[in-house]
Amino acid sequence: MIKYVLFDLDGTLADTEEVIVKSFTHIHEKFNNNKPSRDEILKTFGEPLKETLKREFKEELEVVLEEYRNYHRGIFHDYLNPHENAIEIVKKLHDQGFTLGVVTSRLSDTAVEILETFKVKKYFKSVIAVDNTEKHKPHPEPLLKAIENMEGDPSSSIYIGDTKFDVECAKNAKVKSVLVGWSHYSVQEGDVKPDFIINDFMELENIIKSN
Numbered sequence: 007m008i009k010y011v012l013f014d015l016d017g018t019l020a021d022t023e024e025v026i027v028k029s030f031t032h033i034h035e036k037f038n039n040n041k042p043s044r045d046e047i048l049k050t051f052g053e054p055l056k057e058t059l060k061r062e063f064k065e066e067l068e069v070v071l072e073e074y075r076n077y078h079r080g081i082f083h084d085y086l087n088p089h090e091n092a093i094e095i096v097k098k099l100h101d102q103g104f105t106l107g108v109v110t111s112r113l114s115d116t117a118v119e120i121l122e123t124f125k126v127k128k129y130f131k132s133v134i135a136v137d138n139t140e141k142h143k144p145h146p147e148p149l150l151k152a153i154e155n156m157e158g159d160p161s162s163s164i165y166i167g168d169t170k171f172d173v174e175c176a177k178n179a180k181v182k183s184v185l186v187g188w189s190h191y192s193v194q195e196g197d198v199k200p201d202f203i204i205n206d207f208m209e210l211e212n213i214i215k216s217n
């Protein structure tokens, strides 16, 4: 029986695609004098920012990171929106007695800021961000730490996300996984497959109650 429901943040609860694409475009234009395609940027979604930037900006990584975060914060609220029915399902599941958590590759300060902006922070017992663990998705540590904070167990938990890193993290933690249908991640042959795919958050209720 599922008692613990955990969500990814970017691309799952929150539609932050535009602010992330614009932030990546900005640093590439400033430091690399080029402009990656939108598809190239979208392929990095779900990976910790530092790991993504390390591949192209190894020598000046810390400078680029700081520029990215400053630019990102400057335009953050102009493009931030919850995905359809995200707030509604969080409130509904909380009111039905499920224990909720967030596991994200975003830094803690902006993760909490997003939840507070959406007025849902109070519904989550645990929020684990990239600066709360040594290892990151797809390693199971972030998810397992959140479940531990929730005083739960993996066999009674489910994780909802939008990237292969989320699905693999859940698999590695022995947690059921849900992939959102609006994800840019297309499951290919040989990939770890999610246990469920939803096209609307309201589909979660039946999945959770039947497992």
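Using my numbering, you'd call the opening residue of the sequence shown number 7 and step up by one each time. The beta carbon of each residue, even a glycine, is placed where N, CA and C say it ideally should be. All figures in this text were calculated on a predicted structure; none of them were measured in a lab.
Where residue i falls, given that 16 or more other Cβ within 10 Å makes a residue buried
i: R112; result: buried
i: S189; result: buried
i: H83; result: exposed
i: E65; result: exposed
i: S183; result: buried
i: E154; result: exposed
i: M156; result: buried
i: K141; result: exposed
i: N76; result: exposed
i: N138; result: buried
i: D101; result: exposed
i: G17; result: buried
i: K215; result: exposed
Proximity to residue i [Cα-Cα], best of the options
i: L106; options: E35, S162, N87; result: S162
i: F104; options: V11, S183, D206, V69; result: V11
i: V133; options: P144, H145, I120; result: I120
i: F13; options: V108, L185, T22, F202; result: V108
i: R79; options: P42, P200, T22; result: T22
i: P200; options: L210, A117, Q194, L185; result: L185
i: S114; options: A135, K151, A152; result: A135
i: V193; options: D172, A117, I213; result: D172
Close Cβ partners of residue i (< 8 Å) along its chain, the five nearest in sequence each way excluded
i: L67; result: K56, L59, K60
i: I47; result: I26, V27, F30, T31
i: I81; result: V25, K28, S29
i: M7; result: S162, N217
i: K41; result: T31, H34, E35
i: P88; result: L19, A20, D21, F124
i: L210; result: V11, I95, L99, I166, V184, I204
i: N39; result: none
i: I213; result: I164, V184, F202, I204
Contact set for residue i: own chain, Cβ-Cβ below 6 Å, skip 5 residues either direction
i: K180; result: P160
i: I33; result: V70, E73, Y74
Proximity test, Cβ basis, 9 Å: residue i and chain C
i: E195; result: You won't find chain C in this structure, because it holds only one protein chain.
Own chain residues within Cβ distance below 7 Å of residue i, not counting five before or after
i: N91; result: D206, F207, M208
i: G158; result: K9, Y10, T105
i: P146; result: C175, N178, A179
Open item on the list: Measuring CB atoms only, is the stretch 94–105 touching the stretch 119–134, in the sense that at least three cross pairs come out at less than 8 Å?
Closed with: yes
Open item on the list: I'd like to know if the stretch 118–127 and the stretch 170–177 are in contact, where contact means that at least 3 CB-CB pairs between them fall below 8 Å.
Closed with: no
Open item on the list: Would the stretch 165–174 count as touching the stretch 39–52 if we require 3 or more Cβ pairs under 8 Å?
Closed with: yes
TODO: Mind listing, in chain order, the continuous alpha helix (DSSP H) runs of no fewer than 4 residues lying wholly within the stretch 20–77?
DONE: 23–33, 44–48, 55–60
Task: Ranges of the beta strand (DSSP E) found wholly within the stretch 81–127, counting only runs of at least 3 - done: 105–109
Open item on the list: What ranges does the beta strand (DSSP E) occupy inside the stretch 114–193, keeping only unbroken runs of at least 3 residues that lie completely in it?
Closed with: 130–134, 163–167, 182–186
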